[in-house]
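For the sequence shown, UniProt numbering assigns the number 1 to the initial residue and increments by one for each residue that follows.
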Amino acid sequence: MFADFNTMVAELGGIETMKSDFVANVSHEIKNPLAIIETHAKALRRKTVSDERRIAYAGVIADASARLNRLVTNTLKLNKLESQTIVAEAVDYDLPRQLTDTAAMLVDMFDRKGIAFDCDVEERATIHADPGLLDIVWSNILGNALKYTEPGGHVTLRQTSDAGAVIVEVSDDGCGMSADEVAHMFDKFYQGDTAHAAEGNGLGMAMAKRAVELSHGAISARSRRGVGTTVTVTLPAVC
Numbered sequence: 001m002f003a004d005f006n007t008m009v010a011e012l013g014g015i016e017t018m019k020s021d022f023v024a025n026v027s028h029e030i031k032n033p034l035a036i037i038e039t040h041a042k043a044l045r046r047k048t049v050s051d052e053r054r055i056a057y058a059g060v061i062a063d064a065s066a067r068l069n070r071l072v073t074n075t076l077k078l079n080k081l082e083s084q085t086i087v088a089e090a091v092d093y094d095l096p097r098q099l100t101d102t103a104a105m106l107v108d109m110f111d112r113k114g115i116a117f118d119c120d121v122e123e124r125a126t127i128h129a130d131p132g133l134l135d136i137v138w139s140n141i142l143g144n145a146l147k148y149t150e151p152g153g154h155v156t157l158r159q160t161s162d163a164g165a166v167i168v169e170v171s172d173d174g175c176g177m178s179a180d181e182v183a184h185m186f187d188k189f190y191q192g193d194t195a196h197a198a199e200g201n202g203l204g205m206a207m208a209k210r211a212v213e214l215s216h217g218a219i220s221a222r223s224r225r226g227v228g229t230t231v232t233v234t235l236p237a238v239c
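Okay, here's the thing in structure tokens:
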């Protein structure tokens, strides 16, 4: 009984620590864009500011506001995902079709950055899941591949089926990650490459992991610094 009680206390302490860390991280992420907005809003009030600078300051405020909006939206999404235990809107649907549609929406973004993008999927593979939930997964994985791959690089989206499972792999030849960074990439607010920190808030892959778990699947990653990253999602197939 004493052992069980000590275990319970330790688990509750861990939950409280995670809660405190989450609040601290959210507060930190909110503080930065708010400080930018405040500073540039005060600058706009100065009568000596030129029209050119006024437009530039307004652009900075708009960017910081958008970043703040993304943080709030993603925090609410993650909270909703973590509180879910079942997926009420799960249906049988064709995953390759969803992947193809997602790829079609991103092709222009890859072209603009000068990144070669290949999509190789089967004609049909049926899974039982919530399509909206898995949209979160594909948009975040492909978004990261786009973000961390330099112009002239290459990204591949590949889908196969094997022994009752549907496997989706997204590979890039971007900056890659160390083993320690890979170990933390699904943690909330974790961003291994600080050079791209302003482009996100470290919640995307945490949301992707939870969405995959709710779909009874698994997600993993392998990477090498300077070589690239491959993220693999495995989902049960509908026979």
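We put the CB at the ideal spot given by N, CA and C, even for glycine.
Contacting residues, own chain, Cβ-Cβ under 6 Å from residue i (five flanking each side not counted)
| i | result |
| --- | --- |
| residue 204 | 140 |
| residue 33 | 64, 67, 68 |
| residue 40 | 57, 60, 61 |
| residue 120 | 158 |
Sequence-distant residues of its chain with Cβ nearer than 7 Å to residue i (five each side left out)
| i | result |
| --- | --- |
| residue 54 | 44 |
| residue 84 | 214 |
| residue 92 | 126, 128, 238 |
Pair within 7 Å by beta-carbon distance, residue i and residue j
| i | j | result |
| --- | --- | --- |
| residue 167 | residue 156 | no |
| residue 153 | residue 227 | no |
| residue 179 | residue 234 | no |
| residue 232 | residue 223 | no |
| residue 81 | residue 207 | yes |
| residue 130 | residue 149 | no |
Nearest-angstrom Cβ-Cβ length linking residue i and residue j, presumed shorter than 8 Å
| i | j | result |
| --- | --- | --- |
| residue 182 | residue 142 | Contact doesn't hold; Cβ gap of about 18 Å is too wide. |
Proximal residues to residue i (C-beta, below 8 Å), its chain only, five neighbours per side dropped
| i | result |
| --- | --- |
| residue 236 | 127, 128, 164, 165, 166, 216, 217 |
| residue 110 | 116, 117, 146, 155 |
| residue 94 | 124, 125, 126 |
Alpha carbon of residue i to alpha carbon of residue j, nearest angstrom
| i | j | result |
| --- | --- | --- |
| residue 48 | residue 113 | 38 Å |
| residue 122 | residue 134 | 18 Å |
| residue 52 | residue 73 | 32 Å |
| residue 137 | residue 36 | 30 Å |
| residue 99 | residue 50 | 48 Å |
| residue 5 | residue 132 | Residue confidence for residue 5 is low, a pLDDT of 47 falling below 50, so the modelled location carries little weight; the figure read from the coordinates is stated next. Roughly 41 Å between the two C-alpha positions. |
| residue 97 | residue 162 | 18 Å |
Minimum C-alpha distance to residue i - residue among the options
| i | options | result |
| --- | --- | --- |
| residue 151 | 174, 144, 76, 102 | 174 |
| residue 76 | 229, 212, 107, 188 | 188 |
| residue 87 | 230, 210, 225 | 210 |
| residue 250 | 90, 106, 162 | In the structure as shown, the chain begins at 1 and stops at 239. Residue 250 is therefore absent and cannot be evaluated. |
| residue 158 | 42, 89, 230, 38 | 230 |
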